[in-house]
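Line order of the protein sequences matches chains A and B.
Residues in the first sequence are numbered consecutively from 1, following our numbering.
Residues in the second sequence are numbered consecutively from 153, following our numbering.
All C-beta atoms, glycine included, are put in the ideal place defined by N, C-alpha and C.
Quick caveat, the model's predicted, so the values are computed rather than measured.
Only one structure is covered here, and it is reproduced in the block below.
There are 2 protein chains.
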Amino acid sequence: MIHCEKHNHCISTAIKQGEEICNEKGLKFTAIRRKVLELVWETHKPAKAYDILEKLAKEDGAPVPPTVYRALDFLLQNGLVHRINSLNAFVGCSHPGLHNQCFFMICTHCEKVTECCTTELGKAIDITTKENSFTRESVSLEILGACQSCSA
Amino acid sequence: MIHCEKHNHCISTAIKQGEEICNEKGLKFTAIRRKVLELVWETHKPAKAYDILEKLAKEDGAPVPPTVYRALDFLLQNGLVHRINSLNAFVGCSHPGLHNQCFFMICTHCEKVTECCTTELGKAIDITTKENSFTRESVSLEILGACQSCSA
DNA sequence: AATTTAAATGATATAATATAACATAACTTT
DNA sequence: AAAGTTATGTTATATTATATCATTTAAATT
């Protein structure tokens with residue numbers, strides 16, 4: 001399962017949120033940034049930077065890596081996409097602006113990534129860091145396995 | 153804080169554990185594998201593959217990347233080291249063979265990595281995956297922040 | 001012990017991922 | 001319009017990792 005039922009809706013929502021967030025913060029949602037966000041959202045699979053680059057090339061002349069990485073950095077910075085460290089890839093954020101502790105379940109069969117943000121898990125992480133007198137700055141939690149469709 | 157009080161003890165313990173685990177499993181703890189494990193354990197900082205390669209070069213002629221990556225893969229496979237995905241780096245496992253759900257607190261100031269394996273956190277992860285009908289295969293949890301020494 | 005097999009290493013090349021550095025353009029503020 | 005800032009263009013290169021095939025070493029089998 002790579003696409004959800006009405007995937008166009010996912011994309012248009014993501015773009016709308018991009019616009020809103022940039023407006024709020026007085027940032028520029030430039031054509032490149034918009035296009036890269038669209039490409040990241042093309043599926044619910046993590047998108048590789050160089051795959052985005054290729055897709056971009058089919059439309060926009062001859063883009064180069066920094067173009068894509070800059071756009072991705074901007075989107076990361078502003079919570080519009082997440083980086084999946086275990087895959088060196090990027091996924092759209094399902095609810096940008098709402099929180100900063102997001103966790104990921106990554107299906108190793110269909111590659112779909114599901115974002116989750118259970119407070120329980122967040123609390124457990126807080127407790128553990130406190131017990132170790134560790135000051136948390138950011139968290140990367142990636143659970144690899146089989147999603148419901150793929151384990152059935 | 154990069155070294156613990158008696159760091160030679162850490163190293164020798166790690167090597168001893170390497171020997172034991174290989175013996176148990178009928179695997180070969182070859183000279184290269186031993187050396188790479190020693191180099192990973194040189195500090196409690198995550199070690200980069202190419203840094204290991206350089207150190208290896210100072211002792212062993214002219215090693216090449218596959219040599220290091222093969223040894224690291226072997227050590228990963230057998231639970232002797234962990235890969236820190238957010239840093240593309242490797243740390244020794246503090247208690248190999250004892251469990252498979254390890255979490256990491258990574259100090260962004262001194263780079264020390266602390267392994268933790270609180271059952272609470274493991275349980276919270278299990279609950280979350282169950283709620284999502286997700287079958288867990290592996291977990292990567294990396295908490296970035298400041299350790300006690302560095303946040304004081 | 002010699003033969004066969006499997007595992008590990010050597011060696012070369014290249015793939016995949018990411019950033020540095022400097023030039024130019026576009027947009028903002030004054 | 002001038003100055004300053006932000007974004008993009010452009011070239012080069014750094015960093016991380018693997019594919020492939022040859023050779024060696026060790027283990028198992030005869």
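When the options are compared against residue i, the one with the closest alpha-carbon
{"i": "I106 (chain A)", "options": "B:T165, B:E289 and B:N252", "result": "B:E289"}
{"i": "R215 (chain B)", "options": "B:E267, B:H234, B:R185 and B:P198", "result": "A quick correction: the sequence has Pro, not Arg, at residue 215 (chain B). Considering only alpha carbons, the answer is B:R185."}
{"i": "Q194 (chain B)", "options": "B:T182, B:A183 and B:K207", "result": "Just to set this straight, residue 194 (chain B) is Glu in the shown sequence, not Gln. Taking only the C-alpha atoms, the option nearest E194 (chain B) is B:K207."}
{"i": "D142 (chain A)", "options": "A:C116, A:Q77 and A:T135", "result": "Contrary to the premise, residue 142 (chain A) reads as Glu rather than Asp in this sequence. Answer by Cα proximity: A:C116."}
{"i": "Q77 (chain A)", "options": "A:L27, A:L53 and A:T135", "result": "A:L27"}
{"i": "K197 (chain B)", "options": "B:S303, B:R235, B:D225 and B:S164", "result": "B:R235"}
{"i": "A152 (chain A)", "options": "B:F256, B:A276, B:T287 and B:V291", "result": "B:T287"}
{"i": "F103 (chain A)", "options": "A:V139, A:L75, A:I21 and A:N88", "result": "A:V139"}
{"i": "S133 (chain A)", "options": "B:A298, B:Y202, B:K210 and B:A276", "result": "B:A298"}
{"i": "V233 (chain B)", "options": "B:T165, B:P248 and B:Y221", "result": "B:P248"}
{"i": "D225 (chain B)", "options": "B:A209, B:C302, B:V192 and B:Q253", "result": "B:V192"}
{"i": "L75 (chain A)", "options": "A:I21, A:C150, A:H7 and A:N8", "result": "A:I21"}
{"i": "H118 (chain A)", "options": "B:K275, B:T271 and B:Y202", "result": "A small correction: the amino acid at residue 118 (chain A) is Thr; His does not occupy that position in the sequence shown. T118 (chain A) has its Cα closest to that of B:K275, out of B:K275, B:T271 and B:Y202."}
{"i": "K197 (chain A)", "options": "A:G79, A:K58 and A:H7", "result": "Any question about residue 197 (chain A) goes unanswered here, given that chain A covers just 1 to 152."}
C-alpha distance - residue i paired with residue j, whole-angstrom precision
{"i": "D212 (chain B)", "j": "N175 (chain B)", "result": "25 Å"}
{"i": "L238 (chain B)", "j": "L296 (chain B)", "result": "Note that residue 238 (chain B) corresponds to Ser in the displayed sequence, not to Leu. Those two C-alpha atoms are separated by around 9 Å."}
{"i": "L189 (chain B)", "j": "E157 (chain B)", "result": "20 Å"}
{"i": "M153 (chain B)", "j": "T30 (chain A)", "result": "For M153 (chain B), the predicted model reports a pLDDT of 48, less than 50, meaning its position is unreliable; a value from the coordinates is still stated below. If you take the alpha carbons of M153 (chain B) and T30 (chain A), they lie about 44 Å apart."}
{"i": "Q300 (chain B)", "j": "K200 (chain B)", "result": "24 Å"}
{"i": "A71 (chain A)", "j": "C10 (chain A)", "result": "20 Å"}
{"i": "L250 (chain B)", "j": "P218 (chain B)", "result": "29 Å"}
{"i": "K35 (chain A)", "j": "N240 (chain B)", "result": "29 Å"}
{"i": "V220 (chain B)", "j": "S164 (chain B)", "result": "20 Å"}
{"i": "I125 (chain A)", "j": "L53 (chain A)", "result": "36 Å"}
{"i": "L121 (chain A)", "j": "D51 (chain A)", "result": "32 Å"}
{"i": "A57 (chain A)", "j": "N252 (chain B)", "result": "42 Å"}
{"i": "H7 (chain A)", "j": "N160 (chain B)", "result": "56 Å"}
{"i": "C150 (chain A)", "j": "T114 (chain A)", "result": "13 Å"}
Residue i CB to nearest heavy atom of the ligand MN below 7 Å
{"i": "T108 (chain A)", "result": "In terms of ligand content, the structure shown is empty, and the ligand MN therefore cannot be addressed."}
Using a Cβ distance threshold of 8 Å, determine whether the region 89-97 of chain A contacts the region 257-264 of chain B, with at least three qualifying pairs required. No, because fewer than three Cβ pairs between the region 89-97 of chain A and the region 257-264 of chain B fall closer than 8 Å, the two stretches do not touch.
Note down, in chain order, all residues in the region 290-301 of chain B with a beta-carbon under 7 Å from any beta-carbon belonging to chain A. Under the 7 Å Cβ criterion, the region 290-301 of chain B contributes S290, V291, S292, L293, E294, I295, L296, G297, A298, C299 and Q300.
State whether the region 162-176 of chain B contacts the region 125-137 of chain A, with contact taken as three or more CB pairs (one from each stretch) at a distance under 8 Å. Between the region 162-176 of chain B and the region 125-137 of chain A, the count of C-beta pairs closer than 8 Å stays below three; the two stretches do not touch.
Ignoring anything shorter than 3 residues or poking outside the region 88-119 of chain A, list the beta strand (DSSP E) runs there in chain order. For the region 88-119 of chain A, the continuous beta strand (DSSP E) assignments of 3+ residues that do not extend past its boundaries occur at 89-92, 103-107 and 113-116, in sequence order.
Report the residues of the region 263-280 of chain B with a CB closer than 7 Å to any CB of chain A, ordered along the chain. For the region 263-280 of chain B, the set of residues with a beta-carbon nearer than 7 Å to any beta-carbon of chain A comprises T266, C268, T270, E272, L273, A276, I277, I279 and T280, in chain order.
Report the residues of the region 77-99 of chain A with a CB closer than 8 Å to any CB of chain B, ordered along the chain. For the region 77-99 of chain A, the set of positions with a beta-carbon nearer than 8 Å to some beta-carbon of chain B reads N85 and S86 in chain order.
Can you check the region 161-245 of chain B for any beta strand (DSSP E) of at least 3 residues that lies completely inside it and give the ranges in chain order? Within the region 161-245 of chain B, the beta strand (DSSP E) runs of at least 3 residues that lie entirely inside it are, in chain order, 233-236 and 241-244.
Contact list for the region 155-180 of chain B against chain A, Cβ threshold 7 Å: Answer set for the region 155-180 of chain B: empty.
Near-chain B residues of the region 61-72 of chain A - C-beta to any C-beta below 9 Å: Answer set for the region 61-72 of chain A: empty.
Could you name each continuous beta strand (DSSP E) segment of 3 residues or more that falls completely within the region 122-146 of chain A, going from the start of the chain to the end? Counting whole runs of 3 or more residues, the region 122-146 of chain A contains the beta strand (DSSP E) stretches 135-146.
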